[in-house]
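Q:
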Amino acid sequence: MSGKPKLHYFNGRGRMESIRWLLAAAGVEFEECFLETKDDLTKLQKDGSLLFQQVPMVEIDGMKMVQSRAISNYIATKYNLYGKDLKERALIDMYVEAVIDLNELLMTHTFQPADKKEQHFATIVDKATNRYFPVFEKVGGKEVTMDKTFLLATGFSRADVQLLETLLMAEECKPDILVKFPLLQSFKARISNIPTIKKFLQPGSQRKPPLQEKDVPKLMKIFH
Amino acid sequence: MSGKPRLTYCNGRGRMEPVRWLLAAAGVEFEEIFLETREQYEKLIKDGVLMFQQVPLVEIDGMKMVQTRAILSYIAGKYNLYGKDLKERALIDMYVEGITDLMQMILMFPFSPPEAKEKNLDSIKERATNRYFPVFEKVLKQHGQDFLVGNKFSWADVQLIEAILAVEEKIPAVLSGFPQLQECGLFKELSLSYGCLKSSTRRN
């Protein structure tokens, strides 16, 4: 047994991508087992590996963990990316939950029926630029200075990782989406330069590309 | 200033109900402000009180907390309802997240169009009896303890009780195949907090 965490999911971003980001940011090597067919999923369900019959599932420290938030919480705590006390954790949680909300919008865009796509896109842009980005641009209600490094004054945390992930996804959706957010642009550049993250952003890493429409039928076959 | 947590939401369950449950289970008195008009809500946004322009909002320990899970995690951590170590926490998180998926179906149910209601009710019943309740029935049977994690009352137990009662309101006989869930100590512990729950803090 290698001792490395083992991720079970399909070969794409979905609900596993944030977990890949966190592990990568923490410098933790991991293995992946990709579901290619419905049989692969059924096998995992039948052998009792999936507590609620669902993936993501991550084998880590003797546990078969499911539920992406539970998994992310565990990894973040284990690798000291979750703040130093309850109040910092609370702040991180507020940021992360908002980022997850935006992430969810971005993730579901590919699955929108053709007649809903344009409106969904408009919703994404509206929420990103009016609800979420302004908060992070101006964290804590004070103007963020150019030398502020992380979302939390006390240091690098999962909030930084998950915000970067979502900023990049948002840009894939609309390349100039950060045009009015200079501090988020510099945040993006800074966090991308952290060695573990820089490595993850390079070609050949375990980071997954965006889901293409042509891949959706295969996905539906596995999960529906 | 009373020092009690102050909850701002509409006068109904929605996304605030798990927070009410958890505070009640922890024996913590709280105050509530009910949003009755759009103007009230817009004022909150204008005052910059809602970090992401959304409720629930819970003012607690000098923070204006938003995002339900953030609020619940904080309360659970503060009142020792989150396990004794990282691994117990992991179990509690898994259980809570699973139950939350089921609760989400119940939350959305009133908003389904009339023609979809029966189908959605069937889905709730199917998921409750085939996916979620069997897991907790098995957990309780296997360790024979009163509570889900670490032989101690936790957030997972509170969330499960809330879910069981919410599903029973829609499907009264839903626990008929689950003797452990019917009998277990969850309900003993709950009766201690029941004073809080019986009062106006439990919404309809």
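Here the protein sequences come in this chain order: A and B.
Counting from 1, one number per residue, gives the positions in the first sequence under full-length UniProt numbering.
Counting from 1, one number per residue, gives the positions in the second sequence under full-length UniProt numbering.
Idealized CB from N, CA, C, for every residue including glycine.
1. Apart from the five residues just before and just after Y9 of chain A, which ones in its own chain have a Cβ nearer than 6 Å to its Cβ?
2. Where DSSP assigns a beta bridge to G155 of chain A, which residues make up the other side?
3. Could you tell me which residues DSSP puts in a beta bridge with M57 of chain A?
4. Suppose you measure from the CA of A114 of chain A to the CA of I222 of chain A; what does that come to, to the nearest Å?
5. Run through DSSP, which three-state label would I194 of chain A get?
6. Can you pull the chain B neighbours of K4 of chain A, defined as C-beta to C-beta under 8 Å?
7. Going along the chain, which residues of its own chain have a beta-carbon closer than 7 Å to the beta-carbon of Q54 of chain B, five neighbours each way excluded?
8. Kindly confirm or deny that the segment 14-29 of chain B and the segment 153-170 of chain B touch, where touching means at least three C-beta pairs closer than 8 Å.
9. Alpha carbon to alpha carbon, how far is S157 of chain A from E143 of chain A? Give it in angstroms, no decimals.
10. Mind checking whether Y74 of chain B and I99 of chain B have CB atoms under 8 Å apart?
11. Going by DSSP, name the residue or residues bridged to F34 of chain B.
12. Could you name the residues of the same chain whose beta carbon sits closer than 8 Å to that of K199 of chain A, not counting the 5 residues immediately before and after it, in chain order?
13. Is there a Cβ of chain B sitting closer than 8 Å to that of N193 of chain A, yes or no?
14. Please list the terminal residues of the continuous alpha helix (DSSP H) segment that includes L41 of chain A.
15. Measuring CB atoms only, is the segment 82-99 of chain B touching the segment 151-158 of chain B, in the sense that at least three cross pairs come out at less than 8 Å?
16. Round the Cβ separation of T68 of chain B and I33 of chain B to the nearest angstrom and send it over; I've been treating them as touching at under 8 Å.
17. Let me see if you follow: with CB-CB separation under 8 Å, is G177 of chain B close to chain A or not?
18. Drop a sphere of 10 angstroms on the beta-carbon of Q142 of chain B, count the other beta-carbons inside from all chains shown, and report buried for 16 or more, exposed for fewer.
19. When we look at the beta-carbon of S176 of chain B and count the other beta-carbons within 10 Å, is it buried (16 or more) or exposed?
20. Find out if the Cβ-Cβ distance for the pair L102 of chain A, F136 of chain A is shorter than 8 Å.
21. For T77 of chain A, would you say it is in contact with chain B, using Cβ-to-Cβ distances shorter than 8 Å as the test?
22. What residues are listed by DSSP as bridge partners for V66 of chain B?
23. Between the Cα of L107 of chain B and those of B:L91, B:M16 and B:K4, spot the shortest distance and give me the residue it belongs to.
24. Got a sec? Which residues, its chain only, sit under 6 Å from E31 of chain B by beta carbon, not counting five neighbours each side?
25. Would you call M146 of chain A buried or exposed, if buried means 16 or more other Cβ atoms sit within 10 Å of its Cβ?
26. On a Cα-Cα basis, can you pick out the residue from A:G83, A:N80 and A:A70 that is closest to I92 of chain B?
27. Is there a Cβ from chain A that is less than 8 Å from the Cβ of M65 of chain B?
28. Does any CB atom of chain A fall closer than 8 Å to the CB of L148 of chain B?
29. Between A:A98, A:G3, A:K64 and A:T42, which has its C-alpha nearest A159 of chain A's C-alpha?
30. Check whether the Cβ atoms of M105 of chain B and R127 of chain B lie closer than 8 Å to each other.
31. Could you run through the UniProt domain "GST N-terminal" (3-83) of chain A and flag, in chain order, every residue whose CB is less than 7 Å away from some CB of chain B?
32. Tell me which residue opens and which closes the beta strand (DSSP E) that F34 of chain A is part of.
A: The relevant details are as follows:
1. Residues M16, V55 and P56 of the same chain have their beta carbon placed closer than 6 Å to that of Y9 of chain A, with the five preceding and five following residues left out of the count.
2. Under DSSP, G155 of chain A shares a beta bridge with A:L152.
3. The beta-bridge partner set that DSSP reports for M57 of chain A consists of A:H8 and A:V66.
4. Their backbone Cα atoms lie some 22 Å apart in a straight line.
5. I194 of chain A falls in the coil class under three-state DSSP.
6. At a beta-carbon threshold of 8 Å, none of the residues of chain B lie near K4 of chain A; the nearest stands roughly 18 Å away.
7. Result list for Q54 of chain B: V66, in chain order.
8. A contact exists between the segment 14-29 of chain B and the segment 153-170 of chain B.
9. Confidence at E143 of chain A is low in this model, with a pLDDT of 49, below 50, so its placement is unreliable and the value that follows should be read with caution. Using only the alpha carbons, I get a separation of about 20 Å.
10. No, the pair does not count as a contact, with Cβ atoms beyond the cut-off.
11. Here F34 of chain B is bridged, per DSSP, to B:Y9.
12. Excluding residues within five positions, the ones whose Cβ falls inside 8 Å are A24 and S205.
13. N193 of chain A does not count as touching chain B.
14. For L41 of chain A, the uninterrupted alpha helix (DSSP H) run begins and ends at K38 to K46, by DSSP.
15. Yes, the segment 82-99 of chain B touches the segment 151-158 of chain B.
16. Not confirmed; about 17 Å, so no contact.
17. Judged by the 8 Å Cβ criterion, G177 of chain B is not in contact with chain A.
18. Exposed.
19. S176 of chain B counts as exposed, since fewer than 16 other C-beta atoms from the protein chains shown sit within 10 angstroms of its C-beta.
20. No, the Cβ-Cβ distance between L102 of chain A and F136 of chain A is not below 8 Å.
21. A Cβ of chain B is located within less than 8 Å of the beta carbon of T77 of chain A.
22. Note: V66 of chain B sits in a beta bridge opposite B:L57.
23. Per the Cα distances, B:M16.
24. Close CB contacts of E31 of chain B within its chain, under the 6 Å cut and outside five residues either way in sequence, are with K4 and R6 (chain order).
25. Because M146 of chain A carries a pLDDT of 46, less than 50, the predicted location of this residue cannot be relied on, and the following value inherits that uncertainty. When all chains shown are included, M146 of chain A counts as exposed.
26. The candidate whose alpha carbon is nearest that of I92 of chain B is A:A70.
27. So, interface residue.
28. Cβ-Cβ to chain A under 8 Å: no for L148 of chain B.
29. Taking only the C-alpha atoms, the option nearest A159 of chain A is A:A98.
30. Here M105 of chain B is near R127 of chain B, since their CB atoms are less than 8 Å apart.
31. Listed in sequence order: L51, F52, Q53, M63, M65, V66, Q67, R69, A70, N73, Y74, T77 and K78.
32. It spans E31 to F34 - the beta strand (DSSP E) in which F34 of chain A sits, taken as one unbroken run.
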